[in-house]
Structure formats: structure tokens, C-alpha cells
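As C-alpha cells, the structure follows; a few thoughts come after it.
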Amino acid sequence: MNKGRRAFLQGAAVVGAGLVAAREASGAAQQDIDATQDMHNMPGMKRKGKKETAQDHGSFVSVETPDVPNLPFRMDGEIKEFHLIAEPVKQEINPGRIVDVWGYNGSAPGPTIQVNQGDRVRIIVDNHLPEPTSMHWHGFEVPVEMDGAPGSSQDPIPPGGRFVYEFTLRQEGTYFYHSHMAMQEMMGMIGAFIMHPTQPYKPRVEKDFLVILQEYAILPNVTVPNSMNMEFNWLTFNGKAGPATAPLLVRHGERVRIRLINLGMDHHPIHLHGHQFVVTGTEGGRQPESTWGPGNTVLVGVAQSRDVEFVANNPGDWMLHCHLPHHMMNQMSSNVGPMSRRSGMPVGVEMERGMGIMKKGSPLSDENGPSLGRGMGVGSTAEQLVANTPLSADHVAAPSEQQEKQEPMEGMQMAPQVSKDANAVPGFPQDAFMEGPMMAMDKMVDKPENFGLRPGWSGFMQGMMTFVRVLPPDKYDQIMQLREKQKGKKPMKMDMPGMEHQHE
Ligand SMILES: [Cu+2]
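Going by this note's numbering, the first residue of the sequence shown is number 2, and it counts up by one from there.
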């Protein structure tokens, strides 16, 4: 991999060896990529090698998309030229859970594009997928032949093909690009497109974050999302499920903007702890201040974006999450392995009936009723005694004195704390087996952004969840230093052969 290519791919999540090889073979793409090596990925940047900050730029701060790179561009005269490659992507959405999704330039969601209002842009889209695709610029007021609607405004881009989009952008706000092939959308094919305003927004913010909400149906022992499924078991912020999501770091007292974008099958009520925010923008751009009412939960509907702003005046590690209970969980559609309890829901439900497909009998029969459509899944057909969960009240033991004193342990090692008569209580078990110390994986998701979090935090953070960490200045600086230090190192353990993982 040469230097120019590395620069272009900088920050890309994971690039499969085969895909790199495919790019090597493409001479034309190579030239474009090389041309980007001296370019900055910050919008409006002329100075080389200097990071843009709120202090040295009067009008806006660059948008930060945790876990997702910015897309670099090169100038062709007055035109900002970007290059997007639609391709399969291997992505680690949670420690050890590497999935085969589709995205752009090695990342799903694709890299964030940042431009200024009034810019003329050219976007070269190459299709490295095995089937046709089309790129739609969501909410853009551009000539119809640039809209990317397959069949009606252009032919789909064939596999191996290219389409060059070019337009002038008169808008400002939080927009996005996505494949306009519906099933490809459910494979991950979306990226953010930020248009910074000519007239700076007021009041100005010190931090500007972007979070893309996605959902996948990926059953156990499978790596490929089932785009037909209507039930989603992996819910992600910027391509990561909690606790692998990256916390948003802010200094106590700063004004913060969080831009939320949703492309999936569900609407997500995104909730922030400890603060009130105002909704300052939608997928149509900035909202007038007269519409700003305080709240702490914003419903981000499918195909919508919402900008929220608040003053981070309350120090602490505050949860930011979708409030749909199942979206605060990982792996929610199927029970993995044997049922571990005797009482409660009948077992013996195979995948078809677990998904609500009737094979025989009545849907309200004793056999089908309680469990039909509950997705108990493969492997649940036999009830077995398992070592780490109680099968009956006799087996439920109160935690020992020693256990109570113990630090939360990594992995599923610690017995859940349940009362002696737990099995006699209708409704049990609920959360005792879903969240808690035994789900903690602090070490597996260790990174500078998580420094100083309360031990065991990761046992309670799943799905569409992360933190807004409102930090005292010294702690903020300390974490930033740790981050700088780690930049030289390989940031995450990727044990899969033939894979490369790079971070910004
Ligand atoms: Cu949700």
C-alpha cells in the first residue's frame, strides 16, 4: 500500500485484503487517490498540516464523526472533487463481532463529506459491488439528472462502473448520501454530507458531533445482514454497537451540537441524560430560533436528520441513547443456545415459528401461542442444564460474600445477583440476564475515550448507546493526550488475518 493510498484510506474502518487487491488493479482510481494525498480533509482549509480549531477559524468547527473518517477532496480549479467507492466492508461492530456489510471506502457508514455552502462539488462514484447501485443525495436541491434516482433520473451504475455527479450547493445543514437501492440501504450504504453555512450559526458551538443511526439483522453464526428481516438485533451509532461506541468528549461549559441521522427501518427516540437541548436543525437545514423548545429526547424518524444543541453545564458521564428498550440491547432477536430455565415460555420453537411463520395448528394454541413469533431461534429446541444460570429455585443461590466484594469481572463469569425466590416471581427473569456485571467487557473496549469511566460500565451499555462525557478541563486534556499518544499505535486488536484497521 503506497503513501497516497494510505492517506486516502486514513481512518477507514476495515479494509479486506481482497478489496485492496481489487483497487490495485484499477489504475484510473489509483491516480485519483494519489491526487488526494496533500489535501486536507477539513472543509475550507488552505493551510497544510494544521488542525482546524474553533479558535483559528471564525465561523465553525469541523464536524467530528466518531469511528468514521472524513472524506478527503482535491481541488480541480474551483471544484471540490471527492471520490466514493461503493464496496463490501468488513466491520467489527462489537468486540469479536465482525460482519460483512456494504459501505463506501472501507467504512459503513461511509466517510463524512464536509463542504461549504456555495461550493461546487464533483463526486466520482465507483461501483465495486457485485450488482448495480445508485447514489442519491438526500434533500439536495440539484438538477434532476444529478439526483441519483435509479431508472428515472439515471441508469443504475453497473458493477465495475462509474458515475460522476457534479453540482453547486446552495443549502446549509445536515444532509446525507445513500444508495437508492432499498435493500442496499439495509446493508449499510449511507454517509453524512455536511454543508457548513456561509453565515455562521448563532450561538456558535465549540463541539460539533455527528452520529448515524443504523440497524442490522444479523443472526448468530452469520456475518451477513438479512435485509429482508423486519426485526433487528444489532443497533449501531456510527457502525458500532455499545459498548464499542465512542463517547463524545466535551469540556465542561462548552456549547455542543450533535447531528443525528437515521436510515433504517425504525424511528429512534434519542435521549440525553442530565441536560436539556433544543432542536436547531432538520434534514432541511437550520430551524428558526423561534421553534427551539427545550427537551431531552428527539425522535429521529427514518430518512430524517435532527441537530440538537445544549450547553454542557453538568459534569459527568451522561448516557446518550435510543430509548426503545430493545434498541438498548445487543443480539435481541434470537436466543442463542439452549433455553436455560424450566419455567416460563415453552421451548421447542425452531427458527420458522420463532419468526412467526405458522407451520401447523392455530396461532392461539397452547403449543404456538406464547412463543410464536418470539424468535427463540436455532438451538432452542432442547432444554439443557447450563452451568452459569439457575434452572430452578433450588439452584438459585444468593451471591457469596466473596462475590459481593469482587470487582466486576470481564465476560460471563459472575453469577447474576438474584433473590432466593426469584423463580417464584412471575416475570422473572427480566434484566438479570441481559445486563449487568457479567456482560461487562471494559478491557475489550478499552480506548482513551473510555479512560476513567466507572469500572463495569460496559455491562450496561449495548445497542444504540454511548456517553456524552462532560469533563473538567484537566481530565479532558488528559484524555486528549492519551488519544494523541495512541495515534501512532494500532488502536484496536484486529486478529483476523488479511485485515487492516486504521483510525483517524
Ligand atoms: Cu431505536
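Beta carbons are placed, not taken as given, at the ideal position from N, Cα and C, and that holds for glycine. Predicted, not measured: the structure shown is a model, and the values here were computed from it.
Query: Looking at C-alpha atoms only, which residue of M196, E146, F177 is the closest neighbour of F164?; Result: E146
Query: First and last residue of the beta strand (DSSP E) that includes D318?; Result: 317-323
Query: Near L261, which residues of its chain fall below 6 Å by C-beta distance, leaving aside the five closest residues on each side in sequence?; Result: V212, I271, V301, R307
Query: Enumerate, from N- to C-terminal direction, the unbroken beta strand (DSSP E) stretches of 3 or more residues contained entirely within the stretch 271-304.; Result: 279-283, 298-301
Query: Closest to F61 by C-alpha separation, out of V206, G97, N106, would be which residue?; Result: V206
Query: Strictly by DSSP, which residues pair up with F164?; Result: V126
Query: Which term fits A425, buried or exposed, when burial requires 16 or more other beta carbons within 10 angstroms of its beta carbon?; Result: exposed
Query: E450: which of T292, R252, V280 sits nearest, CA to CA?; Result: R252
Query: State the start and end residues of the unbroken beta strand (DSSP E) segment that holds Y217.; Result: 208-217
Query: Please classify R171 as buried or exposed, where buried requires at least 16 neighbouring CB atoms within 10 angstroms.; Result: exposed
Query: I'd like to check one pair, I94 with T237: are the Cβ atoms closer than 8 Å?; Result: yes
Query: May I ask you to list the residues that DSSP assigns as paired with F468?; Result: M320
Query: Measure from the alpha carbon of V257 to the alpha carbon of each residue in N227, N297, G240, F210, then state which is nearest.; Result: F210
Query: Ordered along the chain, which non-local residues of its own chain (more than five positions away) have a Cβ less than 7 Å from that of G317?; Result: G275, V471
Query: With distance defined between alpha-carbon atoms, name the residue in A193, H137, Q118 nearest to P110.; Result: A193
Query: Starting from the N-terminal end, write out each residue whose C-beta falls within a distance shorter than 5 Å of any non-hydrogen atom of ligand 1.; Result: H269, C323, L325, H328
Query: Contact check, M184 vs S228 under 8 Å by CB: the rounded distance?; Result: 4 Å
Query: For N451, name the three-state secondary structure that DSSP assigns.; Result: helix
Query: Whose C-alpha, out of G78, G189, I158, T66, is nearest the C-alpha of P89?; Result: G189
Query: Count the other CB atoms, across all protein chains shown, that sit within 10 Å of the CB of Q431; report buried if there are 16 or more and exposed otherwise.; Result: exposed
Query: Secondary structure at F194, three-state DSSP: helix, strand or coil?; Result: strand
Query: With distances taken Cα to Cα, identify the nearest neighbour of M320 among W293, T246, G282, P151.; Result: T246
Query: Which value, in whole angstroms, describes the spacing of the CA atoms of H459 and K444?; Result: It should be pointed out that residue 459 corresponds to Ser in this sequence rather than to His. C-alpha separation (whole angstroms): 9 Å.
Query: As a quick exercise: from E167, I158, P159, K91, pick the residue whose alpha carbon is nearest that of K81.; Result: E167
Query: Given this structure, state the Cα-to-Cα distance separating A313 from E232, to the nearest angstrom.; Result: 35 Å
Query: Express the C-alpha separation of W138 and D148 in angstroms, rounding to a whole number.; Result: 6 Å
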